Each structure stands twice: as C-alpha cells, then as structure tokens.
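**Student:** In the numbering used here, the protein residues as written are 21 to 191.
1. Quick test of your reading: residue 89 and residue 114, contact by CB under 8 Å. State the CB separation rounded to the nearest angstrom.
2. Could you work out which residue in 84, 152, 69 is closest to residue 100 when comparing CA atoms only?
3. Using C-beta distances below 6 Å, list every residue in its chain close to residue 128, excluding the 5 sequence neighbours before and after it, in chain order.
4. Whole angstroms are fine: how far does the CA of residue 117 sit from the CA of residue 145?
5. Enumerate in chain order the residues of its own chain whose CB-to-CB distance from residue 142 is below 8 Å, with the five nearest sequence positions on each side excluded.
6. Can you tell me the Cα-Cα spacing of residue 49 and residue 25, whole angstroms?
7. Please name the residue, chosen from 22, 131, 179, 122, that lies closest to residue 63 on a Cα-to-Cα basis.
8. Since residue 31 is in the alpha helix (DSSP H), which residue starts that stretch and which ends it?
9. Is the distance from the Cβ of residue 147 to the Cβ of residue 123 below 7 Å?
10. In the DSSP assignment, what are the bridge partners of residue 99?
11. What does the Cβ neighbour count give for residue 87, buried or exposed, with the cut at 16 atoms within 10 Å?
12. Report buried or exposed for residue 134, applying the criterion of at least 16 other Cβ atoms within 10 angstroms of its Cβ.
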C-alpha cells in the first residue's frame, strides 16, 4: 500500500505544474488526502470490515469534500485535481494513470444491486463538472470535456463533449 501511495504522490508532479514539493503535496492537496483515505478504506472493504471501511470513507469525505465509496476500484497513479465535489460510486472501476477534475461524478443510474457505475480504462481524463453515469465503459485514453454528461460507452482514444456526450474526436 505504501508503494502505491508513493506513486500516487509522485504522479502529482507529472500532472500539476503548480506542485512544488512533496511536503506541499502531502499537506495541501485534498485529492491526495482523499486517495489515501480510499486506499485504507478499500483495503478494509476487501477484508470484509465494511462498517469500518465506510467510517474511514466518511471521514475522508468530511475532511476533503471528495466522496469515494470504499468498494470502488482505483488503479495506480490516480490524480484528483482540485477535487471538491468529486463523487465515485461503489462499483466504479478506474484504470491506471487517470485524472479527474473537481465536480466529477462517476455515478449510477439505478438502485439495482450489481454493476451500476462506470468503468474507466487507463489514461482517461475527465474534465471539471462532468458526469459519467451508469454501467458504461470509457476506453483507454478517452478525454471527457468539462460539464459533459456521458451515458454511453466510449471507445479508446475518443474525446467526448456536451450534454448528452457526443464524440468530437475519434481516435
């Protein structure tokens, strides 16, 4: 877990030109704080300690304004920039090297049990305020424009914008 957290911290410097020092990132980046809480709560969730996992998740949300369900699966080198208002649902799956900006929701569209949140491939970027909803898949390298609403699968390499989301730049 600590190796993964070190990678998460290092990736901030690749994606945020304002990041200056490790100390600064550790003490002032709510996206990093939320991810640390998630790494802990997800581990507890997988061990079957569901209430404790939810408690740490709620504490992280209270401290950062970022809500990540402990059941969500998040890959390596994940970065939430600015972060306030980000919501990641229980069955969401996020690949490696993904970036979310503030106000993003990876949400469900039903109250049914089972898979109901999005799956993001590797190297996906979701712009500020975007909503990605339902059990859909965004392929590797997808870019989602700010304030877009995506409710259908998106193939790798595409750029999606608008409400409802439409592809403007296929691979």
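Ideal Cβ placement from N, Cα and C applies to all residues, glycine included.
What you are looking at is a predicted structure, and each value in this text was computed from that prediction instead of being measured.
**Tutor:** From the atom records:
1. In the chain shown, counting from the first residue as 1, residue 89 sits at position 69. In the chain shown, counting from the first residue as 1, residue 114 sits at position 94. Between residue 89 and residue 114 a beta carbon distance of about 12 Å is seen, past the 8 Å cut, so the two are scored as non-contacting.
2. Taking the first residue of the chain shown as 1, we reach residue 100 at position 80. Closest in C-alpha terms to residue 100, from the list 84, 152, 69, comes 84.
3. To locate residue 128, count along the chain shown from 1; it is residue 108. 109, 136, 137, listed in sequence order.
4. Here residue 145 refers to the residue found at position 125 when the chain shown is read from its first residue. Here residue 117 refers to the residue found at position 97 when the chain shown is read from its first residue. So the two alpha carbons sit approximately 9 Å from each other.
5. For the purposes of this step, residue 142 is taken as the residue at position 122 of the chain shown. Only 95, 115, 116, 117, 118, 160, 161 meet the Cβ criterion.
6. Walking along the chain shown from the start, residue 49 turns up at place 29. Walking along the chain shown from the start, residue 25 turns up at place 5. Rounded to the nearest angstrom, the two C-alpha atoms are 13 Å apart.
7. Here residue 63 refers to the residue found at position 43 when the chain shown is read from its first residue. Nearest option by C-alpha distance: 22.
8. Walking along the chain shown from the start, residue 31 turns up at place 11. For residue 31, the enclosing alpha helix (DSSP H) has its first and last residue at 22-35.
9. As a first step, residue 147 must be located in the chain shown, where it is residue number 127. As a first step, residue 123 must be located in the chain shown, where it is residue number 103. For residue 147 and residue 123, no; Cβs fall outside 7 Å.
10. If you number the chain shown from 1, residue 99 lands on position 79. DSSP output for residue 99 lists 119 as bridge partner(s).
11. Here the question's residue 87 lines up with position 67 in the chain shown. Residue 87 should be labelled buried.
12. Working through the chain shown from its first residue, we reach residue 134 at position 114. By the 10 Å Cβ count, residue 134 comes out exposed.
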